[in-house]
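Under the UniProt record's numbering, think of the first position of the sequence shown as 1, with each following residue one higher. No residue lacks a Cβ here, since even glycine has one placed at the ideal position from N, Cα and C.
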Amino acid sequence: MSIRKPLKIALTKGRIEKTAVDMFNSIGIDCTEIENKGRKLIFHNDEFNIDFVLVKAPDVLTYVEHGVVDIGIVGKDTLMEFDKNFYELLDLKFGKCKFSLAGPKGKNFYEGYNRKKIATKYPNVARSYFKKMGFDIEIIKIEGSVEMAPMLGLSDAIVDIVETGTTLRENGLEVYNDICSISTRLIVNMASLKMKKNEIEDIVDRLKEEVDRREQIKKLKEAEN
Ligand code: PRP
1 MSIRKPLKIA LTKGRIEKTA VDMFNSIGID CTEIENKGRK LIFHNDEFNI DFVLVKAPDV
61 LTYVEHGVVD IGIVGKDTLM EFDKNFYELL DLKFGKCKFS LAGPKGKNFY EGYNRKKIAT
121 KYPNVARSYF KKMGFDIEII KIEGSVEMAP MLGLSDAIVD IVETGTTLRE NGLEVYNDIC
181 SISTRLIVNM ASLKMKKNEI EDIVDRLKEE VDRREQIKKL KEAEN
């Protein structure tokens with residue numbers, strides 16, 4: 001057991017968890033314990049003296065900003081929604097999806113003079129998108145299954161994450177406009193980057209190599225098809 005304090009890494013629970021764990025395993029930092037986690041929340045890797053914690057996306061930012069966690073693995077969607085202080089060091093190029101404006105199929109969102117209602121889990125992203133467009137809207141914050149809002153008549157449209165497009169399709173909705181692309185990012189606490197420079201840079205370099213390796217494989221597979 002090392003007497004040095006463990007480096008702390010927060011992974012986002014859910015959608016991107018599996019690939020994040022897989023990436024750390026691929027660079028030789030064993031995370032298999034997380035795959036069979038039960039209700040455990042902190043996982044120690046003795047070889048590298050790292051503590052992994054599993055938390056919800058916005059909490060990754062909070063823990064990293066406060067410096068109780070050194071590194072966070074989290075989606076760009078969350079980084080865009082919450083205004084926090086950290087360094088974004090690496091695009092891990094998985095968990096790829098996009099922010100889109102979507103609504104009932106066949107409707108022209110832009111017609112009419114009424115102030116449009118937008119349901120979303122991402123009020124800041126939606127507000128800033130429509131501000132740039134010079135479009136006055138009302139935001140309605142929804143915590144999940146946002147697609148329901150226009151279906152029940154709560155809103156005219158939604159601003160949400162679209163990955164495969166299945167949820168929209170299966171609920172009679174379609175994309176009106178794409179807003180921007182999203183992928184998983186590696187963020188670092190500002191003080192940690194100075195205090196634990198070598199440890200952090202070592203992990204970032206290894207992950208960068210792994211990202212490049214995976215991109216190469218993807219390109220080769222695409223070329224084969
Ligand atoms: C996200 C998003 C959409 C869905 C899009 O929801 O809010 O509902 O995924 O994915 P698709 O384009 O592949 O269908 P998530 O599963 O994270 O759960 P939530 O609706 O409870 O937020």
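Expected contact under 8 Å - CB spacing of residue i and residue j to nearest Å
i           : j           : result
residue 102 : residue 137 : 14 Å between Cβ atoms; not a contact.
residue 86  : residue 189 : 6 Å
residue 126 : residue 142 : About 11 Å separates the two Cβ atoms, so there is no contact after all.
residue 92  : residue 193 : Not confirmed; about 17 Å, so no contact.
residue 117 : residue 140 : 6 Å
Status (buried if at least 16 other CB within 10 Å, exposed otherwise) for residue i
i           : result
residue 68  : exposed
residue 110 : exposed
residue 105 : exposed
residue 155 : buried
residue 32  : exposed
residue 135 : exposed
residue 153 : exposed
residue 133 : exposed
residue 217 : exposed
Residue i vs residue j beta-carbon contact at 8 Å
i           : j           : result
residue 100 : residue 45  : no
residue 230 : residue 95  : Because residue 230 is not part of the residues shown, which for the chain are 1 to 225, the question remains open.
residue 61  : residue 204 : no
residue 35  : residue 55  : no
residue 147 : residue 171 : yes
residue 210 : residue 27  : yes
residue 186 : residue 150 : no
residue 113 : residue 179 : no
Beta strand (DSSP E) segment containing residue i, residue limits
i           : result
residue 94  : Counting along the chain, residue 94 falls outside any beta strand (DSSP E), and DSSP gives it neither H nor E.
residue 181 : 173-182
residue 43  : 42-45
residue 74  : 71-75
residue 118 : 116-120
residue 141 : 137-141
residue 51  : 50-55
residue 8   : 7-12
Close beta carbons around residue i, own chain, < 6 Å, minus the five adjacent residues each side
i           : result
residue 51  : 6, 8, 42, 44
residue 72  : 10, 60, 64, 187
residue 123 : 139, 141
residue 191 : 67
Where the alpha helix (DSSP H) containing residue i begins and where it ends
i           : result
residue 164 : Looking at the DSSP string, residue 164 is not in any alpha helix (DSSP H), and its letter there is neither H nor E.
residue 217 : 197-224
residue 18  : 17-26
residue 124 : 123-133
Same chain only: Cβ atoms within 7 Å of residue i, ignoring 5 sequence neighbours per side
i           : result
residue 57  : 12, 74, 75, 78
residue 97  : 161, 162, 163, 182
residue 4   : 49
residue 15  : 95
residue 24  : 31
residue 219 : none
residue 213 : none
Close-in-space but distant-in-sequence residues of the same chain around residue i (CB under 8 Å, 5 per side omitted)
i           : result
residue 196 : 7, 70
residue 175 : 100, 101, 102, 162, 165, 168
residue 215 : 93
residue 82  : 58, 61, 124
residue 17  : 11, 34, 54
Any non-hydrogen atom of the ligand ATP closer than 7 Å to residue i Cβ
i           : result
residue 211 : For the structure depicted, the ligand ATP is absent and the ligand set comprises only the ligand PRP.
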